[in-house]
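Top line first, the protein sequences correspond to chains A and B. According to the UniProt record's numbering, the first sequence is numbered sequentially starting from 1. According to the UniProt record's numbering, the second sequence is numbered sequentially starting from 1. For every residue, glycine included, the Cβ atom is placed at its ideal position computed from N, Cα and C. Remember, predicted model here, so these are calculated numbers, not experimental data.
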Amino acid sequence: MASYSTNEFRGGLKVLLDGDPCIILENEFVKPGKGQAFNRVRLRNLMTNRVWERTFKSGESLEAADVIDQDMEYLYTDGEFWHFMLTDGSFEQYPADAKAVGDALKWLKEQDVYTVTLYNGSPLSVTPPNFVELEVVDTDPGMKGDTAQGGSKPATLSTGAVVNVPLFITIGEVLKVDTRSGEYVSRVKSS
Amino acid sequence: MNREPVWQPSASQAALKSRAQQLAFVRGFFAKREVLEVETPVLGRCGVTDVNLDGIPAQVSAGTRKGGWLQTSPEYHMKRLLAAGCGSIFQISRVFRNGEQGRRHNPEFSMLEWYRTGFDDVTLMAEVSDLVCGWLGCERPEIIQYRDALRRWAHIDPFAATDLELMRRCEEWLEPEQLADLGRDGCLDLLMSFAVEPNLGRGRPVFITGYPASQASLARVSKSNGYETAHRFELYVDGLELCNGYWELTDPREQRLRFEADNELRSRSGKPEMELDEAFLAALDQGLPECSGVALGLDRLLMLKLGVQDIREVLAFPFERA
């Protein structure tokens with residue numbers, strides 16, 4: 001496997017640190033004019049999601065981690081694994097366990113496309129698109145005449161996610177939701 | 001990654017204008033003091049032996065000479081002018097350092113370097129203050145000894161501590177195996193960069209002076225309080241290292257020994273040894289007048305003037321856009 005020297009460090013680079021795959025978040029070059037150069041690096045451990053801060057002597061190197069992001073369609077779950085399929089026409093399938101699916105679980109809709117991060121060929125994490133469109137399966141009855149003004153109520157979506165929505169939303173409507181904040185964005189016009 | 005090339009400058013129009021004003025200010029400052037502006041090669045035959053400075057080699061083919069180096073500083077050429085009897089001189093030049101890139105670094109940057117014949121380090125520090133405070137409108141710097149700065153902010157005595165104690169102190173930042181080949185000066189640089197520097201010049205600019213003799217580079221060394229210290233100073237403003245100055249070493253034999261020691265350090269750390277600049281050493285043989293010299297980063301000075309945190313905001317085209 002290739003390795004990266006400190007002068008190749010940049011945000012987004014995936015490296016192995018203490019045996020775990022990590023993604024470099026920030027790399028700060030520090031050097032007194034006449035002295036030894038160092039790199040202060042912030043990394044997120046992709047196994048634990050913890051953020052580490054490490055110092056390296058400039059010129060040190062880290063092994064590259066075999067981590068790649070792939071677009072995959074969510075197929076189904078058998079209760080133990082969530083099955084995804086590459087969208088590149090190969091129809092290759094990958095089972096992701098609960099740990100890999102993580103918080104993406106509440107946004108999983110069959111046939112939608114997700115970013116699956118593979119580490120040494122196995123799903124490490126699943127990232128939903130920034131926006132998903134999901135149907136409301138349960139919420140208090142909508143109030144007539146109430147439009148944009150005031151108030152919100154919880155609504156349960158088809159995936160089980162609960163989001164706060166305006167009072168006029170009714171069961172059966174399809175909503176656009178921001179998966180990063182978990183917030184309602186808008187109604188999706190039904191044709 | 002294939003990104004669209006960015007053609008626009010990364011500095012604002014206001015920053016570019018301020019850069020021009022800064023150049024005019026510097027030239028006016030030295031004109032008033034009758035210091036001669038000079039120009040020396042950016043492309044030289046030799047690089048530097050300094051183990052922490054990596055030059056950028058050039059593929060030159062001219063006459064019988066092949067190869068060359070983009071200069072990391074105009075120092076050697078300027079000292080040859082001093083030896084030739086030019087008197088006090090200054091230069092605004094582009095210098096090059098391989099691998100240096102970040103919020104405060106660009107591999108190519110603007111250096112203001114000047115030499116004052118007959119000045120010692122203390123007199124030159126006063127002139128640096130005149131220039132920097134005259135441009136930034138800041139308070140005049142206080143002077144803190146290197147030893148006191150390390151004791152105060154890194155909680156260790158840089159002269160009295162053993163190598164082992166220094167390494168232990170550095171374990172806050174580095175793993176023991178990373179520390180194994182860092183060496184005493186590397187440890188001190190780490191403490192300076194991470195424990196001391198962020199505190200320097202907050203509110204009032206600070207000169208650090210009295211560096212350990214091992215970090216003298218081209219400064220003369222004398223004994224103070226039983227320890228050998230270098231007549232070297234650095235100015236920090238708002239945690240930013242701005243300049244590095246010396247009461248210059250004029251002894252050619254001592255200079256040659258330091259170059260050879262550098263090369264030994266280089267080969268031990270797996271770096272290529274550098275050819276000694278014999279023309280420079282010959283000039284020292286001829287006799288460098290008693291003088292002090294200082295190199296000041298003009299891009300950083302402009303960062304301070306404009307209150308920006310990233311050098312890219314003051315460069316028209318940082319390396320990634322060049």
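Find the residues of chain B that neighbour residue i, judging by a C-beta separation of less than 8 Å, and give them in chain order.
| i | result |
| --- | --- |
| asparagine 7 of chain A | Gly99, Gln101 |
| glutamate 28 of chain A | Gly102, Arg103 |
| serine 58 of chain A | Gly99 |
Which bits of chain A does residue i rub up against, with CB to CB less than 7 Å?
| i | result |
| --- | --- |
| aspartate 189 of chain B | Pro32, Gly35, Gln36 |
| glutamate 241 of chain B | Pro32, Gly33 |
| glycine 186 of chain B | Gln36 |
Could you give the residue range of the beta strand (DSSP E) that holds residue i?
| i | result |
| --- | --- |
| serine 186 of chain A | 183-187 |
| threonine 77 of chain A | 67-77 |
| cysteine 291 of chain B | 291-297 |
| lysine 66 of chain B | 65-70 |
| arginine 54 of chain A | 51-57 |
| threonine 117 of chain A | 113-119 |
| aspartate 178 of chain A | 174-178 |
| glutamine 36 of chain A | Careful: glutamine 36 of chain A lies outside any beta strand (DSSP E) and carries neither H nor E. |
| glycine 186 of chain B | No beta strand (DSSP E) holds glycine 186 of chain B; the alpha helix (DSSP H) holding it covers 183-191. |
Closer than 8 Å to a non-hydrogen atom of the ligand HEM - does that hold for the CB of residue i?
| i | result |
| --- | --- |
| cysteine 22 of chain A | This structure lacks the ligand HEM, and indeed carries no ligand of any kind. |
Please look up how many angstroms separate the CB atoms of residue i and residue j, rounded, as I've assumed it's under 8 Å.
| i | j | result |
| --- | --- | --- |
| glycine 245 of chain B | valine 128 of chain B | 7 Å |
| threonine 117 of chain B | serine 88 of chain B | 5 Å |
| tryptophan 7 of chain B | glycine 44 of chain B | Wrong, their Cβ atoms sit about 32 Å apart, outside the cutoff. |
| leucine 175 of chain A | valine 188 of chain A | 7 Å |
| leucine 188 of chain B | proline 205 of chain B | In fact, because the Cβ distance is near 22 Å, the residues do not count as touching under 8 Å. |
| arginine 266 of chain B | aspartate 238 of chain B | 33 Å between Cβ atoms; not a contact. |
| proline 9 of chain B | phenylalanine 317 of chain B | 6 Å |
Just the Cα atoms here: how many angstroms apart are residue i and residue j?
| i | j | result |
| --- | --- | --- |
| leucine 167 of chain A | lysine 106 of chain A | 22 Å |
| methionine 1 of chain B | lysine 14 of chain A | Note that methionine 1 of chain B scores 48 on pLDDT, short of 50, meaning its location in the model is unreliable; the coordinates nonetheless yield the value given after this. Methionine 1 of chain B and lysine 14 of chain A: Cα-Cα distance of roughly 14 Å. |
| arginine 80 of chain B | glycine 28 of chain B | 25 Å |
| leucine 25 of chain A | glycine 183 of chain B | 29 Å |
| valine 67 of chain A | glutamate 197 of chain B | 37 Å |
| asparagine 106 of chain B | aspartate 121 of chain B | 28 Å |
| phenylalanine 194 of chain B | lysine 34 of chain A | 15 Å |
| arginine 65 of chain B | leucine 174 of chain B | 44 Å |
| aspartate 78 of chain A | glutamate 320 of chain B | 49 Å |
| alanine 2 of chain A | aspartate 20 of chain A | 16 Å |
| glutamine 111 of chain A | leucine 75 of chain A | 6 Å |
| threonine 6 of chain A | valine 95 of chain B | 22 Å |
| residue 202 of chain A | glycine 172 of chain A | What the structure shows of chain A is the stretch from 1 to 191, and residue 202 of chain A is not part of that stretch, so it cannot be assessed. |
| methionine 47 of chain A | methionine 72 of chain A | 20 Å |
| leucine 16 of chain B | valine 314 of chain B | 7 Å |
| glutamate 63 of chain A | asparagine 98 of chain B | 23 Å |
| tryptophan 82 of chain A | valine 51 of chain B | 54 Å |
| tyrosine 94 of chain A | leucine 43 of chain A | 27 Å |
| glycine 12 of chain A | glutamate 241 of chain B | 29 Å |
| threonine 179 of chain A | asparagine 49 of chain A | 18 Å |
| alanine 282 of chain B | cysteine 22 of chain A | 53 Å |
| tyrosine 115 of chain B | threonine 127 of chain A | 59 Å |
| glutamate 80 of chain A | tyrosine 114 of chain A | 19 Å |
| leucine 112 of chain B | tryptophan 247 of chain B | 17 Å |
| threonine 72 of chain B | phenylalanine 38 of chain A | 19 Å |
| valine 165 of chain A | threonine 156 of chain A | 10 Å |
| arginine 300 of chain B | lysine 57 of chain A | 23 Å |
| valine 177 of chain A | tyrosine 184 of chain A | 5 Å |
| glycine 59 of chain A | arginine 104 of chain B | 18 Å |
| leucine 17 of chain A | glutamate 177 of chain B | 14 Å |
| glutamine 286 of chain B | valine 30 of chain A | 38 Å |
For residue i, return the contacting residues in chain B, with the cut-off set at a CB-CB distance below 7 Å.
| i | result |
| --- | --- |
| threonine 55 of chain A | Trp173, Leu174 |
In the DSSP assignment, find the alpha helix (DSSP H) that holds residue i and state where it starts and stops.
| i | result |
| --- | --- |
| arginine 258 of chain B | 252-268 |
| methionine 167 of chain B | 163-170 |
| aspartate 20 of chain A | Aspartate 20 of chain A -> not in any alpha helix (DSSP H); beta strand (DSSP E) instead, spanning 20-30. |
| glutamine 101 of chain B | No alpha helix (DSSP H) contains glutamine 101 of chain B, which DSSP labels as neither H nor E. |
| cysteine 243 of chain B | From DSSP, cysteine 243 of chain B is part of no alpha helix (DSSP H) but of the beta strand (DSSP E) over 240-247. |
| leucine 16 of chain B | 13-32 |
| histidine 77 of chain B | 75-83 |
| alanine 282 of chain B | 278-286 |
Going along chain A, which residues have a C-beta under 9 Å from residue i?
| i | result |
| --- | --- |
| leucine 23 of chain B | The contacting residues do not exist; leucine 23 of chain B stays about 21 Å from chain A at best. |
| leucine 82 of chain B | Residues of chain A passing the Cβ test: none, with the nearest at roughly 21 Å. |
| leucine 182 of chain B | Gln36, Lys57 |
Would you mind telling me which residues of chain A sit closer than 8 Å to residue i, beta carbon to beta carbon, in chain order?
| i | result |
| --- | --- |
| methionine 274 of chain B | By Cβ distance, chain A contributes nothing, its closest Cβ being about 16 Å from methionine 274 of chain B, past 8 Å. |
| methionine 192 of chain B | Pro32, Gly35 |
### Task
Compile a chain-ordered list of the residues in the region 157-180 of chain B whose CB is closer than 8 Å to at least one CB of chain A.
Trp173, Leu174, Gln178
### Query
Which residues, taken in chain order from the region 194-220 of chain B, show a beta carbon closer than 9 Å to some beta carbon of chain A?
Hits within the stretch, in order: Phe194, Glu197, Tyr211, Gln215, Ser217.
### Task
Mind checking the region 44-77 of chain B against chain A and listing, in chain order, the residues whose C-beta falls within less than 7 Å of any C-beta there?
With the criterion set as a beta carbon lying under 7 Å from some beta carbon of chain A, the members of the region 44-77 of chain B are Asn52, in sequence order.
### Query
What residues from the region 241-270 of chain B come within 7 Å of chain A, judged by C-beta to C-beta, listed N to C?
Hits within the stretch, in order: Glu241, Asn244.
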